[in-house]
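Protein chains in written order, with our numbering: chain A, 8 to 559; chain B, 8 to 559.
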């Protein structure tokens, strides 16, 4: 490895994920301040929430700062295939146009997204073998196998002339992950021996005591549980957890049940796993229609929709809308999943619908049917013992997680722990770690098919519409500026008893204008204020109110 | 007690709370089918959710069925003072105009609401002593003391010529509730000995194993925890849990801290408790401004806002907006509360803001700082052993809770368990319990100051606005039906790149009309469809689109 130049610095710049669990996007920069070379680790999305960001499905980082110097961005390197790590590649890559590196399973899933976005001609994912190495400008990147809740999760050892950074990606310590490699403890320990500069580490479960638990234990427990059930069984789980799908399929076979996949993501993921060499012992599957012919105690459905997504398979089953899958009294649904915060009410609504059908609902709350893919505090402590970094940098978490993580790291005698937020540039070396700059950052919303800046406010504007509805008024003026005809007053989302007072207020403002002519801007504002005040007086809420003047 | 007549029936009609945790409203009817006399037990609200019911703060039951026969409604009897049991009285009483009965503390809190609603002249709450009895037409109602997370919780023994119903209200088994009476086990056991017909019972925690735990244990644990803290301490809790407030105040004093209440509900509840004879040993309080003068380790703030409510005290403190209370590094906030489902994201946002200030956040997740007020499964089993009813009727729960509760009751050898939903009339006697009718029911939304029916769709309409915004178009026609001037096209909540295609589509539709005149309804629909299609093509979403024709 080359020697560092006099002005060379190593910096970390998170543009996503430092402050939220989602849209992970971390850039590492190396070189003098005015000519840094960059690599990007992960490029994910965050999912929108109806209450906070109505009409927004996907949220992703605003990467304009890197886009403006894209000739210096050497690569996007992906740690694993979860949406919050790869989901923004197809949307943001056109701003960077750099090579994208991933291991085979991750690459396979990403290729579908690239094709969907019509980018296949321009972007081919470069495949890195497990444990592989890359040279990217001043960065030497080594993939280190780790365990998580998906196939092929990787930590990255990022070597630079100023030191080595261990970027964990998402991880847990699972001594028996069932599919794929175990954690490469020897590689992590060697990095510690070598003298790691920084550990940039998953904070998701930094508030949880203990350990996350092993997939192998879930296999034992789920297999037993399925053995106790008599009617039809449906299990819903995160489709990307291939080891879990394998567990459920094996448990089904052990108890004489055939397996049918229900929901597109189940097919997509199992196909990708097979094509990249996994799931060799996976049982043959029935299709949904065949499965419906079997006696109830001979079938197990593996369904999408554990988060209560209204268009997913399980929600359609619960509503009685699914063409092939029907459940009723005597049947059971197992939620082999956790509740992602914010999805509580949708999930409970789904479970209530199932309960109304007479279906028994079995969840994490009552049975051991799920383990998390992220490290709880004992696992974090173990990682710090392996890597022994000079600097702890919590990422992948909200502030409450990151600050708890930093406190934990300091309690483990890591010399320095820095909580950094999106857009803050953290100098890792030389010298003591320090935030040295703040660059433009933020969120982009995928609104329908259009990518808009968070601040441009259409989602915020729509939230105002959701609260108090809208009044749209058009007033026609003739060529002499006289009011012509009756004004058009449209009210949307406003209770009926409020309509008459608003119309009367508009008429009143126009009468006043008729008797005492002013300019049309004055008229517009007078009408707007009269309508809004009338609504507020009658209703206690102020609708979004807009007035157009039309010249006829 | 009189003998039952030949056609007399005893029925239960839940109009709220059977299918949701909130807006509890249960009517008991007695008599022949065509002339039943009624009493109502509880009359509560449910809180709206921004995502599901935007702009709706309060939801309450549609009680038109009883309102139409209000001369037969003998009384509203209230079990305790939580909002989901008394919050709709002031809104719905004008439909019933019957006497309202409550114990002193409940009556005291309700009177504030009655005064706020301007009903003080018409409605005076009739006060029943603890353990008191009422004769209400064919019903003899006895108040039975029980424990819950508020002062003066009561079960009701409702005696009729056809048998006695035990209506639990909200309850838990707390052997040491700190304030107020313990559960009147002897009364409950006697009801069992007497031969209880039905137990109509709280289902909130029917999915939880074990027991809820005692306030006395929380007192021990909270007192210890507060003793370990060095800086300012703020504790947030449900203001209505007076025993908890007392615990926190005593813990503060034990560790040399003065107490200041922050937030209106804290003052309102402690005043009501004092005025009805509770909190005699409660320490003197400082006001917020005085408290700010003390050293950090001498002060404890007792704050509203545990659910992340944006206008409550703690949210204002976290945003740095509170005039008197400032927290920072070295200080701690204890959430002595649980997360009410649906509030997760608001609470986490609040905790993230506190973490950003350097404040340590301590919650139920890490420390024993809260117990539930509702019975877990062991407590439910104990209640069934005391009362030994012929019929179990789960109420106060979503379907998933009620069905689990019914299964539990059957497993405890209760002969019959019936899951009943709002609007279903359940005959309890004579004969086997059976749903005999379904009456009009539903939800009313308090939208601003206007009470609207759920089905009337303004909240639903606003949800559509929130998803895809609105296009409001006005086209002027002259007396000959010719298009006059330029159309007014207002777009709200729609990204900028969509505006031009929509305007062009409107122009196109009008050009077509100019060249080939039709009637104005045809024009209106043509313009509407053109605008909507253009938005959908460019954006992938279909805005709410309305067109007005204006004659000039």
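The beta carbon of each residue, even a glycine, is placed where N, CA and C say it ideally should be.
So, for residue i: in the same chain, excluding its five sequence neighbours on each side, which residues have a beta-carbon less than 8 Å away from its beta-carbon?
| i | result |
| --- | --- |
| residue 432 (chain A) | 18, 19, 20, 36, 442, 443, 444, 445 and 446 |
| residue 140 (chain A) | 147, 148, 149 and 150 |
| residue 368 (chain A) | 339, 340, 342, 358, 361 and 362 |
| residue 64 (chain A) | 54, 55 and 453 |
| residue 92 (chain B) | 31, 49, 50, 51, 85, 86, 176 and 177 |
How many angstroms separate the CA atom of residue i from the CA atom of residue j?
| i | j | result |
| --- | --- | --- |
| residue 46 (chain A) | residue 85 (chain A) | 11 Å |
| residue 130 (chain A) | residue 82 (chain A) | 12 Å |
| residue 456 (chain A) | residue 463 (chain A) | 16 Å |
| residue 327 (chain A) | residue 239 (chain A) | 15 Å |
| residue 324 (chain A) | residue 115 (chain A) | 30 Å |
| residue 87 (chain A) | residue 459 (chain A) | 27 Å |
| residue 290 (chain A) | residue 322 (chain A) | 26 Å |
| residue 74 (chain B) | residue 22 (chain B) | 12 Å |
| residue 188 (chain A) | residue 138 (chain A) | 10 Å |
| residue 159 (chain A) | residue 152 (chain A) | 7 Å |
| residue 259 (chain B) | residue 235 (chain B) | 12 Å |
| residue 171 (chain A) | residue 440 (chain A) | 14 Å |
| residue 207 (chain A) | residue 399 (chain A) | 6 Å |
| residue 5 (chain A) | residue 283 (chain A) | Look at the range of chain A in this structure, 8 to 559, and you will see that residue 5 (chain A) is not part of it. |
| residue 215 (chain B) | residue 385 (chain B) | 9 Å |
| residue 351 (chain B) | residue 370 (chain B) | 13 Å |
| residue 185 (chain A) | residue 285 (chain A) | 11 Å |
| residue 414 (chain B) | residue 217 (chain A) | 34 Å |
| residue 72 (chain B) | residue 461 (chain B) | 16 Å |
| residue 542 (chain B) | residue 395 (chain A) | 56 Å |
| residue 280 (chain A) | residue 96 (chain A) | 20 Å |
| residue 380 (chain A) | residue 205 (chain A) | 22 Å |
| residue 68 (chain B) | residue 428 (chain B) | 13 Å |
| residue 480 (chain B) | residue 516 (chain A) | 21 Å |
| residue 450 (chain A) | residue 471 (chain A) | 20 Å |
Note down, in chain order, each residue of its chain lying with its Cβ closer than 6 Å to the Cβ of residue i, except the 5 sequence neighbours on either side.
| i | result |
| --- | --- |
| residue 77 (chain B) | 103 |
| residue 48 (chain B) | 33, 84 and 174 |
| residue 298 (chain A) | 267 and 306 |
| residue 156 (chain A) | 248 and 380 |
Let me check understanding here. Comparing Cα to Cα, which of the options lies closest to residue i?
| i | options | result |
| --- | --- | --- |
| residue 51 (chain B) | B:179, B:30 and B:217 | B:30 |
| residue 430 (chain B) | B:303, B:347 and B:448 | B:448 |
| residue 230 (chain A) | A:199, A:263 and A:216 | A:263 |
| residue 237 (chain B) | B:268, B:480, B:225 and B:337 | B:337 |
| residue 383 (chain A) | A:213, A:190, A:167 and A:207 | A:213 |
| residue 497 (chain A) | B:518, B:475 and B:554 | B:554 |
| residue 305 (chain A) | A:271, A:288 and A:267 | A:267 |
| residue 354 (chain B) | B:317, B:332 and B:377 | B:317 |
| residue 546 (chain A) | A:515, A:494, A:475 and A:487 | A:475 |
| residue 387 (chain B) | B:273, B:540, B:180 and B:437 | B:180 |
| residue 98 (chain A) | A:120, A:106 and A:503 | A:120 |
Against chain C, with Cβ distances strictly below 8 Å, would residue i count as a contact?
| i | result |
| --- | --- |
| residue 254 (chain A) | Annotation note: the requested chain C is absent from the structure, which comprises protein chains A and B. |
Tell me which residues share the same chain as residue i and place their Cβ nearer than 7 Å to its Cβ, disregarding the 5 neighbours each side in the sequence.
| i | result |
| --- | --- |
| residue 210 (chain A) | 401, 402, 403, 404, 408, 409 and 412 |
| residue 485 (chain A) | 491 and 559 |
Just confirm the distance between the C-beta atoms of residue i and residue j, as a whole number of angstroms; I'd bet it's less than 8 Å.
| i | j | result |
| --- | --- | --- |
| residue 66 (chain A) | residue 32 (chain A) | Contact flag wrong, Cβ pair sits at about 12 Å. |
| residue 241 (chain A) | residue 334 (chain A) | 6 Å |
| residue 176 (chain A) | residue 162 (chain A) | 6 Å |
| residue 270 (chain A) | residue 312 (chain A) | 6 Å |
| residue 183 (chain B) | residue 223 (chain B) | 4 Å |
| residue 247 (chain B) | residue 276 (chain B) | 6 Å |
Does the Cβ of residue i lie closer than 7 Å to at least one heavy atom of the ligand SAM?
| i | result |
| --- | --- |
| residue 315 (chain A) | This structure does not include the ligand SAM; it has no bound ligands of any sort. |
Quick one: which residues of the region 460-492 of chain A get their C-beta closer than 7 Å to a C-beta of chain B? List them in chain order.
Of all residues in the region 460-492 of chain A, 465, 468, 469, 470, 472, 473, 474, 475, 476, 477, 479, 481, 483, 491 and 492 have a Cβ within less than 7 Å of some Cβ in chain B.
Below 9 Å between beta carbons is the criterion; list the residues of the region 381-396 of chain A that meet it against any residue of chain B, in chain order.
Residues: none.
What are the residues of the region 33-64 of chain B that lie near chain A, defined by any Cβ-Cβ distance shorter than 9 Å?
Flagged, chain order: 56, 57, 58, 59, 61 and 62.
Closer than 7 Å, Cβ to Cβ, to anything on chain A: give me those residues from the region 522-551 of chain B, in chain order.
Cβ contacts with chain A come from 546, 547, 548 and 551.
Residues in the region 338-357 of chain A having any Cβ partner in chain B nearer than 7 Å
Answer set for the region 338-357 of chain A: 348, 349, 351, 352 and 355.
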